[in-house]
Amino acid sequence: IMPAFRWTSHMNPGASFWDGITSVGGGLVPYVAFGSYVGADPVLVRRNEDAEQMQKNHAAGIKNIGYTYTRQSTRDLNKVYSDIDNFVNFYGRENISGYFIDEVMRGNTQAQVDYIKSIYDYVKSKYPEKIVIANCGGEIRDAVAPYADIWLTREVTADFYLNHNPPSTSEFTKNPANADRNFHVIHTTSPEQYEEVLRLSRERNAGWLFITSDTNAYPRSEERR
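Take 1 as the starting number for the sequence shown in the numbering used here and just add one per residue.
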């Protein structure tokens, strides 16, 4: 799963970035989480170049994942629902395979559980064929585990992952049977660290993994949640 959180018009250099993804194809990159936001609370608008890229991804066997955010599970749910609907309305239901729900809280309170449950239920009732990928960025509580098909439970630097990663505390992440629902994103990684990151991801039951040497301007670690 590749979190390509940039619109085509914002990439530099744009075409070569996306060409690199489509040349790899869906065999190695089954999903691309597509899109980002700029500003405090902008309105999602259709971009023709994004529609074209989604079609190219689809032709390459890559499934496009729409994006929305929750501001630590506090954003107005109607705005989240609007984002979800707009991806289908703007780009075609056949070109969108699911949604990446960002900035989700881990489920410390019932309100946090109810929040992601509302989003999950909305997607599954209106678009039952779509998958839901939720990003907590760290360990989740078991109470929220049912309310995403895939949970991003690590979004950290390679140094954190290799040297400071705390043990799992939830039954969800500790259970190897849930590997296909457990996703790790490891950034700021040097090539000599790739093999060890990959080994540890298997040991930590991450069936989905994205490793990059790029840096994340806003890395999310356990401390942020």
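Just so you know, even glycine gets a beta-carbon here, dropped at the ideal spot from N, CA and C.
None of these values were measured; they are calculated from a predicted model.
So what's residue i in DSSP terms, helix, strand or just coil?
i, result
"residue 15", "helix"
"residue 33", "strand"
"residue 39", "For residue 39, the pLDDT reaches just 48, beneath the cut-off of 50, and the residue's location in the model is therefore unreliable, leaving the point undetermined."
"residue 227", "Here the chain covers residues 1 to 225 and nothing more, so residue 227 does not appear."
"residue 205", "coil"
"residue 5", "coil"
"residue 98", "strand"
"residue 217", "Because residue 217 sits at a pLDDT of 41, beneath the cut-off of 50, its placement in the model cannot be relied upon, and the following sentence gives the value as read from the coordinates. Of the three classes helix, strand and coil, the one that applies to residue 217 here is coil, per DSSP."
"residue 152", "strand"
"residue 45", "coil"
"residue 188", "coil"
"residue 169", "coil"
"residue 65", "strand"
"residue 20", "helix"
Would you mind sorting residue i into buried or exposed? The rule is 16 or more other CB atoms within 10 Å of its CB.
i, result
"residue 39", "Low confidence applies to residue 39: its pLDDT is 48, below 50, so where it sits in the model is not reliable enough to give any reading."
"residue 19", "exposed"
"residue 59", "exposed"
"residue 177", "exposed"
"residue 63", "buried"
"residue 184", "buried"
"residue 187", "buried"
"residue 103", "buried"
In angstroms, rounded to a whole number, what distance separates the CA positions of residue i and residue j?
i, j, result
"residue 3", "residue 33", "5 Å"
"residue 131", "residue 204", "22 Å"
"residue 236", "residue 210", "What is shown of the chain runs 1 to 225, which leaves residue 236 out entirely."
"residue 194", "residue 213", "9 Å"
"residue 151", "residue 181", "6 Å"
"residue 121", "residue 81", "11 Å"
"residue 149", "residue 170", "16 Å"
"residue 88", "residue 47", "13 Å"
"residue 91", "residue 147", "25 Å"
"residue 129", "residue 30", "16 Å"
"residue 168", "residue 158", "17 Å"
Nearest CA to the CA of residue i: which residue from the options?
i, options, result
"residue 173", "195, 206 and 164", "206"
"residue 101", "136, 88, 128 and 109", "136"
"residue 115", "95, 144 and 47", "144"
"residue 208", "21, 28, 22 and 15", "28"
"residue 154", "146, 98 and 140", "140"
"residue 66", "85, 162 and 79", "85"
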